[in-house]
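Peer 1: Let me begin by handing over the structure; questions about it come next.
In the working numbering, the protein residues as written are 184 to 566.
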């Protein structure tokens, strides 16, 4: 089959689909990944074939407009009725749609796979009459926007003969453990979370030799530092942990190392290492609540302290807090004392470790991408 993947130019959304894309190629299917020009280097880095469509949208600036205010910051004024995130998804869909449907009509894919906030894809699939497969990257937060999304996309879809746009597709591939997933669609195909974070270097034992002290990994992903470096709370967290007898590991992208600030000698800084090579050797991960960081930590059975700063990070964090595998600290309340006290409490909490290990086992029972691809004919028909 010919399988067309679509993502707007937000790398972490692409990353979640890459293992499934690899599995499709390994099974002999033809694969193309369509996105805006800004994502082309990342698509090529995955080894999958890229197709540039549309033009770049300043999504970074649009996201800055809805960051969760920190302590002392004013809440941004809001005049429109449409949530800012949905406006951004619509803008990206509009930039991609004409070129995407032109390529699809030429290449004639059998199936289209899209991430849940890329909305040009499902319009194209409906216009061509092919199955649209939605590939989640975490908690299904886009499900609740389905009705509003259909209205927002109607003017884009109408010229292509598409009536009501179905942003849920015909079936949903879901890497989130069922116990932690929010209520959403029933036509769901579980898939095992396989960590992929783009580029990275394995150096053997990333954390060094085993430590007699509890080991805590502090990481803030790549998004926050790109959007607003002052929000990278790694240095604040390390200062908070300096009063505790801990082995602290900071996992950071080398392009954002300068944003980290001074961490002193009490922490080991590891740059550009895949997160899954670190978190399995740690007793706790302190992070921002991104879906990939959260699932990668839980796949290793490591509990989390999450300090979310974006609305979707709040949603992902709440989902894993619900099942007892993480604790969540409001960003506005995340001073050094509260961080230190909560870390100490979590390191002594057997229940949160047991919950993280239970989720680890649940992730391990989900079918691999290769198994999902092998069963594709059956679940496409069922969907």
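C-beta atoms are modelled at their ideal positions from N, C-alpha and C, and glycine is treated no differently. Source: prediction; values computed, not measured.
Measure the C-alpha to C-alpha separation of residue 499 and residue 343 and round it to an integer number of angstroms.
Peer 2: Residue 499 and residue 343: Cα-Cα distance of roughly 35 Å.
Peer 1: Helix, strand or coil: which one does DSSP assign to residue 400?
Peer 2: Correct three-state label for residue 400: strand.
Peer 1: Out of 516, 537 and 551, which has the shortest C-alpha to C-alpha gap to residue 481?
Peer 2: Answer by Cα proximity: 537.
Peer 1: Using only the alpha-carbon positions, how far apart do residue 429 and residue 450 sit?
Peer 2: One C-alpha to the other measures close to 9 Å.
Peer 1: Buried or exposed: where does residue 459 fall if 16 or more other Cβ atoms within 10 Å of its Cβ makes it buried?
Peer 2: With 16 or more Cβ atoms within 10 Å of its Cβ, residue 459 is classed as buried.
Peer 1: Output yes if chain B places a C-beta closer than 8 Å to the C-beta of residue 349; else output no.
Peer 2: Included in the structure is just one protein chain, with no chain B present.
Peer 1: From the DSSP output, in three-state form, read off residue 330 for me.
Peer 2: Residue 330: helix per DSSP, three-state reduction.
Peer 1: Thinking C-alpha only, which one of 217, 403, 328 and 243 is nearest residue 437?
Peer 2: Of the listed residues, the one whose Cα sits closest to residue 437 is 403.
Peer 1: From which residue to which residue does the alpha helix (DSSP H) around residue 494 run?
Peer 2: Note, residue 494: alpha helix (DSSP H), 494–505.
Peer 1: State the Cα-Cα distance for the pair residue 530 and residue 419, rounded to the nearest angstrom.
Peer 2: When rounded, the distance between both Cα atoms is 19 Å.
Peer 1: On the DSSP bridge list, what partners appear for residue 535?
Peer 2: Its beta-bridge partners do not exist; DSSP assigns none.
Peer 1: How is residue 369 classed by DSSP in three states: helix, strand or coil?
Peer 2: In the structure shown, residue 369 sits in coil (DSSP, three-state: anything other than H, G, I, E or B).
Peer 1: With a floor of 3 residues, list each beta strand (DSSP E) that falls wholly inside the region 447–491, ordered by position along the chain.
Peer 2: Counting whole runs of 3 or more residues, the region 447–491 contains the beta strand (DSSP E) stretches 450–454, 467–470 and 487–489.
Peer 1: Quick one: grab the DSSP three-state call for residue 341.
Peer 2: Residue 341 falls in the helix class under three-state DSSP.
Peer 1: Which whole-angstrom value describes the C-beta separation of residue 186 and residue 292, a residue pair presumed to lie in contact below a C-beta threshold of 8 Å?
Peer 2: Yes, they are in contact, since the Cβ atoms of residue 186 and residue 292 sit about 6 Å apart, within 8 Å.
Peer 1: Run through DSSP, which three-state label would residue 509 get?
Peer 2: It is a strand residue.
Peer 1: Which of the three DSSP states, helix, strand or coil, is assigned to residue 315?
Peer 2: The answer is strand: DSSP assigns residue 315 an E or B state.
Peer 1: How would you label residue 193, buried or exposed, when you count the other beta carbons within 10 angstroms and need 16 or more for buried?
Peer 2: Per the 10 Å Cβ criterion, buried.
Peer 1: Over the uninterrupted beta strand (DSSP E) stretch that includes residue 216, give me the two end residues.
Peer 2: Taken as a continuous stretch (DSSP letters only), the beta strand (DSSP E) holding residue 216 covers 213–218.
Peer 1: Counting C-beta neighbours from all protein chains within 10 Å, is the total for residue 290 16 or more, i.e. buried, or is it exposed?
Peer 2: With fewer than 16 other Cβ atoms within 10 Å, it is exposed.
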